[in-house]
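Working notes, beginning with the structure itself.
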Amino acid sequence: MSAVMPGTSSTSPLSAPAGGLLTGRMWSLLLAFVLIVSVAVPVMNLLIPADSVFHLSDYAVSLIGKIMCYAICALAMDLIWGYTGILSLGHGMFFALGGYGMGMYLMRQIGRDGNYQSDLPDFMVFLDWKELPWHWALSDSFVGQLLLVVLVPGLLAFVFGYFAFRSRIKGVYFSIITQAVTFAAMLLFFRNETGFGGNNGFTDFKRILGMPIATPSMRMTLFVLTGLTLIGFFLFARWLVTSKFGRVLQAIRDAETRVMFTGYDPLKYKLTIWVISAVMCGIAGALYVPQVGIINPSEMSPAAGIEIAIWAAVGGRGTLIGPIIGAFFVNGAKSWFTQAFPEFWLYFLGMLFIAVTLFLPHGIVGLLRRRKEEH
Amino acid sequence: MDFRRTMRPTELIREPIDPSFLLRAVAFFFVAFGILLGASAAHALTPEQVLAMAAGDSDARSQAIAQTAASGDPAAQAFFQALLDDAVRVAGDKVYVVRDDKVSEAASGAAATLPEGAEEVINSNRLRRELDSAMASLKLLSADPAERRQAVRELRDGADESKLPLIEKALSTETDVALKGDMGLLRAAVLVSSSDKARRLEAAKLLAESRTPATKALLVERLKPGVEPEADVRAQLVSALLGVESQLAWGERLGVIFTGVSLGSILLLVALGLAITYGLMGVINMAHGELMMIGAYATYVVQNLFKAHMPDAFGWYMVAAIPASFFAAALVGAALERSVIRWLYGRPLETLLATWGISLVLMQGVRSLFGAQNVQVENPAWLSGGVDVLSNLTLPYNRLAIIAFAVLVLVGVSLLIARTRLGLFVRGVTQNRKMAACVGVNTARVDTYAFALGSGIAGLAGCALSQVGNVGPDLGQGYIVDSFMVVVLGGVGQLAGTVYAAMGLGILNKLLEGWQGAVLAKIMVLVFIVIFIQKRPQGIFAMKGRSAEA
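Quick note, the sequences are listed as chains A and B, same order. The opening residue of the first sequence carries number 1091 in my numbering; numbering runs sequentially from there. The opening residue of the second sequence carries number 22 in my numbering; numbering runs sequentially from there.
Right, here's the structure in full:
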């Protein structure tokens, strides 16, 4: 049950490109993406009239915004799985924790506009609570909740990862235990007494930072913010995996024992990338909730956690652009299927899981590369 | 409550005299008369008795009903029933019963015609309760033991001292031992609220011998401040309560252990298949739960076939369902191994994802075939009901059957692995694949057989689960985390470890459930497992041999 994945090492970018983080062509591509996200999309959505061909509908904007959050998760998953060889099924939990952190702030921003016109969030009134529970202490402060968005997944990942990696839990064991922890967290969040709205979670958000949340300009702001975060994380991940630190991670993936015998302590490396990956997921969750307008415990379900892995696998593990492509491909297919043939979506997703593992070990990116080499 | 209508049985309402006063006076007279008559005439109701029960104000009527019931007159039963069914009409001082458009005089039973202006008799809720308990007390003297048992049960709450003579009469003629005990208890329950102190004291002593939750409730009720004035009776009641509570506590403890063992045996069944596919072969099969689901649906199909073609033999459908569920799941398992899992040996993470995909496809497949709703799997008659061990502990037959079934499957699997040629090959291939191939074992075929065997056992688990829970497309999802925990905790490649882990987790889960509720219990168990794995990553029993290096 070693975590070695035969084959991945041959295609992963082991050699850092000369002359910096990215080649000149890639820098210009990246700049193009920045411009698309921060200029083209806002103009196409807000300024071009709805009957024009170039108009981008609100639906498309919210869909792309949502998928970009997923892409951050896939990127985080790739860092831990594609580059370090540790398959986590608990990233859905980190994502949801970040989402709940943001959701708590948004719930407090509703103020007295809820159904019960109370200072407390509606679900607390419903439970007949008289004051905020202790873990809501920071919920009035945006900065405080942002801190929690980073700290809660980070700390949880640190504590869990420390114990797991220290006892050298590896491979499938680690995956299953992360899934069990996620499952436990989901059960916990389903309880009303936990203070996170139970089954229904948080929804009906009204405003953020005092501004109404459901306006086109606010939606666009969140969209641009998400896009820039994704691009930023991509650069960060690129920097990580091309650095010496990243090289050690890939060495751990391919032969952990040898890395240990060469004098490195895998625990530190694994723990660091594990915490980074968890925090990225938390931030993705925090960006996701105001755009989608709801967070509930089903985001923590084992199925949600394992789907993140499939985004990375479909796109191509061990590459950084792969998971982003994968997230867009799978979720794009999902929104198309669930509208066109709802009953076939699970067949498609299931077959995708099987087909990618059997026929496309390097995902879409691997397929494209092979095409390129053949020509 | 609309009392007024009962007080206006006739057109008398237009008279200047207050009709209710008049009727009350009449009713009292009839009641007094009725008592005299009731004592002498054993087998028929007099018109006066009937009128007293049907007309007048509620107090008078309830008194009349109680008197008639106390006489133990069986003829009263039909009239009580008629009153309860709102089939009684009153016109003047005549009382009629209307049943299926046929009118008869209530007292004599002779056919009659309903006069103009006959009023329906309306009963208040209180009267209905009294009629119910009057019916029940009459049933105490019934010739049918089942009816008597029913009567005792009905009288348990809400019997008062007026029923005492009847209860004692029934007690003196009762021959069934269990029923006699119940009646004695009933008598004690009535006595304990008696106005006579000696009787209450006697009752407290009698109640100490009872061990039912109902007695406990009764004693607690009597011990509330202000209910029982006498100190020595109170003391007697307290000691009775302590005795009852200690008896009940035993029942509860045994109950927790039984449900724990029952859950453990289910987990064991679920995990046994995994112990082969994951434990021996090293295949992470996330579709294990869906193979269970297939077993459960196979049971459902067999049940429907029996219902449609052999309704007489319906009780025996389990005999066919057990092999059917095994082979259905085993076939699917063999197909999966040949088509998907075979190509992923040695790549556990990929296996995990691919089998997750399989589970999604299987779930959706079942939804397409059988619909997304849960389907109904009925217990055969011999699996419903249970054994009463203590007053508050009943062991359901279906749970007992699953425990026995789990033991049988466990014995079967361990014999198969330890004693048969196939088991030898499976062990050989998993311990050293190349060596086994060298000595001529067809390793590919052994893999398929072993995986099919593990899948088939999952199917058996599904068949068992169909008898205690819902059968739906999501059936497997709920167990997959638990069953992996059992295998991980028990140690990979260990049947004995699986058994201990399943039982331990089952009982621990139920103990914590009683203490903290189901969800927190589950979370605590998961946290416990995560911590346990930190200390002993290899499970309860460390692995030996080649697989230990993984």
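Backbone N, C-alpha and C fix where the C-beta goes; we use that ideal spot for every residue, glycine too.
**Item:** Where the alpha helix (DSSP H) through A/SER1333 begins and ends
**Value:** Taking the first sequence and counting its residues from 1, one reaches residue 1333 of chain A at position 243. Counting along the chain, A/SER1333 falls outside any alpha helix (DSSP H), and DSSP gives it neither H nor E.
**Item:** Beta bridge counterpart(s) of A/GLY1285 as assigned by DSSP
**Value:** Your numbering for residue 1285 of chain A matches position 195 in the first sequence. DSSP output for A/GLY1285 lists no bridge partner at all.
**Message:** Rounded to whole angstroms, what is the Cα-Cα separation between A/ARG1348 and A/ILE1259?
**Reply:** Residue 1348 of chain A sits at position 258 when you count from the first residue of the first sequence. Residue 1259 of chain A sits at position 169 when you count from the first residue of the first sequence. Taking the straight line from one Cα to the other gives about 17 Å.
**Message:** Can you confirm whether B/SER380, when its beta carbon is compared against all beta carbons of chain A, has any partner nearer than 9 Å?
**Reply:** Taking the second sequence and counting its residues from 1, the one referred to as residue 380 of chain B is at position 359. It does; some Cβ of chain A falls within 9 Å.
**Length of the line joining the Cα atoms of A/VAL1441 and B/TRP377** = Along the first sequence, one-based indexing puts residue 1441 of chain A at 351. Along the second sequence, one-based indexing puts residue 377 of chain B at 356. The residue asked about is misnamed: residue 1441 of chain A is Met in this sequence, not Val. Distance between the alpha carbons of A/MET1441 and B/TRP377: 10 Å.
**Request:** Leaving out five residues on either side along the sequence, give the residues of the same chain with a beta carbon under 8 Å from the beta carbon of A/PRO1096.
**Result:** Within the first sequence, the letter at position 6 stands for residue 1096 of chain A. Per-residue confidence for A/PRO1096 stands at a pLDDT of 43, beneath the threshold of 50, marking its modelled position as unreliable; no derived number is given.
**Item:** 4-residue-minimum alpha helix (DSSP H) runs that sit fully inside the stretch 184-227 of chain B, ordered along the chain
**Value:** 185-194 and 198-212
**Asked** Touch check for the stretch 520-527 of chain B and the stretch 1231-1251 of chain A: three-plus C-beta pairs under 8 Å?
**Response** no
**Request:** Identify which residue in A/THR1174, A/TYR1149 and A/GLY1180 has its Cα closest to the Cα of A/THR1409.
**Result:** Translated into the one-based positions of the first sequence, residue 1409 of chain A becomes position 319. The candidate whose alpha carbon is nearest that of A/THR1409 is A/THR1174.
**Prompt:** DSSP on A/PRO1387, reduced to helix/strand/coil?
**Reply:** As a first step, residue 1387 of chain A is located in the first sequence; it is residue number 297 there, counting from the start. Of the three classes helix, strand and coil, the one that applies to A/PRO1387 here is helix, per DSSP.
**Item:** Beta-bridge partners of A/ARG1297, as assigned by DSSP
**Value:** Numbered from its first residue, the first sequence carries residue 1297 of chain A at position 207. Its beta-bridge partners are A/PRO1302.
**Prompt:** B/LEU258 to B/GLU230, Cα distance in whole Å?
**Reply:** The count along the second sequence starts at 1 and reaches residue 258 of chain B at position 237. The count along the second sequence starts at 1 and reaches residue 230 of chain B at position 209. Computed Cα separation, rounded: 12 Å.
**Item:** chain A within 9 Å of B/GLY55, Cβ atoms only
**Value:** Counting from 1 along the second sequence, the entry for residue 55 of chain B is found at position 34. Residue placement at B/GLY55 is flagged as unreliable, the pLDDT there being 48, under the threshold of 50; the coordinate-derived value follows with that caveat. Not an interface residue.
**Request:** Would you list, in sequence order, the uninterrupted alpha helix (DSSP H) runs of no fewer than 4 residues that lie entirely inside the stretch 1402-1453 of chain A?
**Result:** 1411-1430 and 1435-1449
**Asked** Given a threshold of 16 other Cβ atoms within 10 Å of its Cβ, counted over all protein chains shown, does A/PHE1438 qualify as buried or as exposed?
**Response** Counted from its first residue, the first sequence places residue 1438 of chain A at position 348. Buried.
**Asked** If we ignore side chains and look at the alpha-carbon of each, how far apart do B/LEU57 and B/VAL71 end up?
**Response** Residue 57 of chain B sits at position 36 when you count from the first residue of the second sequence. Residue 71 of chain B sits at position 50 when you count from the first residue of the second sequence. Caution is warranted here: a pLDDT of 45 is assigned to B/LEU57, below 50, making its placement in the model unreliable, and no coordinate value can be reported.
**Message:** Tell me which residue opens and which closes the beta strand (DSSP E) that B/ASP409 is part of.
**Reply:** Within the second sequence, residue 409 of chain B is the residue found at index 388, counting from 1. Unbroken beta strand (DSSP E) run through B/ASP409: 407-411.
**Request:** Name the two residues that bound the continuous alpha helix (DSSP H) containing B/VAL119.
**Result:** Against the second sequence, residue 119 of chain B aligns to sequence position 98. Note, B/VAL119: premise wrong, no alpha helix (DSSP H); beta strand (DSSP E) at 115-120.
**Message:** For B/GLU371, would you say it is in contact with chain A, using Cβ-to-Cβ distances shorter than 9 Å as the test?
**Reply:** The count along the second sequence starts at 1 and reaches residue 371 of chain B at position 350. Yes, because at least one Cβ of chain A sits closer than 9 Å to the Cβ of B/GLU371.
**Request:** Below 8 Å on the Cβ atoms is my guess for B/GLY527 versus B/LEU288; work out the distance and round it to an integer in Å.
**Result:** The residue you call residue 527 of chain B lines up with position 506 of the second sequence. The residue you call residue 288 of chain B lines up with position 267 of the second sequence. Correct: roughly 5 Å between the Cβ atoms.
**Request:** With DSSP as the reference, label A/PHE1144 as helix, strand or coil.
**Result:** Mapped onto the first sequence, residue 1144 of chain A falls at position 54. Coil.
**Request:** Count the C-beta pairs between the stretch 1355-1373 of chain A and the stretch 1405-1425 of chain A that are closer than 8 Å, then say yes if the count reaches three, no if not.
**Result:** no
**Item:** Same chain, Cβ closer than 8 Å to B/LEU152, five either side skipped, listed in chain order
**Value:** Here residue 152 of chain B corresponds to residue number 131 of the second sequence, with the count starting at 1. The answer, listed in chain order, is ILE86, PHE101, LEU104, LEU105 and ASN144.
**Asked** So, using beta-carbon positions, are B/GLY525 and B/ALA351 closer together than 9 Å?
**Response** In the second sequence, the residue the question calls residue 525 of chain B occupies position 504. In the second sequence, the residue the question calls residue 351 of chain B occupies position 330. Not closer than 9 Å, so no.
**Request:** Spell out whether any CB of chain E is found under 9 Å from the CB atom of A/ARG1281.
**Result:** Among the chains of the structure shown, chain E does not appear; the protein chains present are A and B.
**Item:** Close beta carbons around B/VAL447, own chain, < 7 Å, minus the five adjacent residues each side
**Value:** The residue labelled residue 447 of chain B in the question sits at position 426 within the second sequence. Excluding residues within five positions, the ones whose Cβ falls inside 7 Å are LEU301, ILE438, VAL467 and ALA471.
**Asked** What residues from chain A crowd round B/ILE305, counting only those whose CB sits closer than 7 Å?
**Response** Residue mapping note: residue 305 of chain B aligns to position 284 of the second sequence, counting from 1. The contacting residues are VAL1262.
**Prompt:** Using the beta-carbon count (16 or more within 10 Å), is B/GLU195 buried or exposed?
**Reply:** Counting from one through the second sequence, the residue named residue 195 of chain B turns up at place 174. Its Cβ being crowded by 16 or more others within 10 Å, B/GLU195 is buried.
**Asked** Using a Cβ-Cβ cut-off of 7 Å (strictly less than) and excluding sequence neighbours within five positions of B/PRO186, which residues of its own chain qualify?
**Response** The residue you call residue 186 of chain B lines up with position 165 of the second sequence. ALA91, listed in sequence order.
**Prompt:** What distance in whole Å lies between the Cβ atoms of A/LEU1315 and A/LEU1377, which are believed to be in contact at a cut-off of 8 Å?
**Reply:** In the first sequence, residue 1377 of chain A corresponds to position 287, counting from 1. In the first sequence, residue 1315 of chain A corresponds to position 225, counting from 1. Correct: roughly 7 Å between the Cβ atoms.
**Request:** Give the interface partners of A/TYR1359 over in chain B, defined as CB-CB distance under 7 Å, in chain order.
**Result:** Within the first sequence, the letter at position 269 stands for residue 1359 of chain A. Per Cβ cutoff of 7 Å: no residues; A/TYR1359 is ~19 Å from chain B at best.
**Message:** Give me the subset of the stretch 378-407 of chain B whose CB atoms are less than 9 Å from a CB atom of chain A, sorted by chain position.
**Reply:** GLY378, ILE379, SER380, LEU381, VAL382, LEU383, MET384, GLN385, GLY386, ARG388 and SER389
**Message:** Rounded to the nearest angstrom, what separates B/CYS459 and B/THR451 at their Cα positions?
**Reply:** Residue mapping note: residue 459 of chain B aligns to position 438 of the second sequence, counting from 1. Residue mapping note: residue 451 of chain B aligns to position 430 of the second sequence, counting from 1. B/CYS459 and B/THR451: Cα-Cα distance of roughly 14 Å.
**Message:** Beta-carbon within less than 7 Å of A/PRO1243's beta-carbon, same chain only, minus the 5 sequence neighbours each way: which residues are those?
**Reply:** By 1-based counting over the first sequence, the position of residue 1243 of chain A is 153. Closer than 7 Å at Cβ, skipping near neighbours: PHE1184, LEU1187, GLY1188, ALA1368, VAL1369, CYS1371 and GLY1372.
**Request:** Counting only the same chain and skipping the five closest in sequence on each side, list residues whose C-beta sits under 8 Å from that of A/ARG1198.
**Result:** For the purposes of this step, residue 1198 of chain A is taken as residue 108 along the first sequence, with counting starting at 1. Once the five neighbours on either side are set aside, the close Cβ partners of A/ARG1198 are PRO1211, TRP1226, SER1229 and ASP1230.
**Prompt:** Are the beta-carbon atoms belonging to B/ALA210 and B/GLY475 less than 9 Å from one another?
**Reply:** As a first step, residue 210 of chain B is located in the second sequence; it is residue number 189 there, counting from the start. As a first step, residue 475 of chain B is located in the second sequence; it is residue number 454 there, counting from the start. Not in contact: B/ALA210 and B/GLY475 (Cβ atoms no closer than 9 Å).
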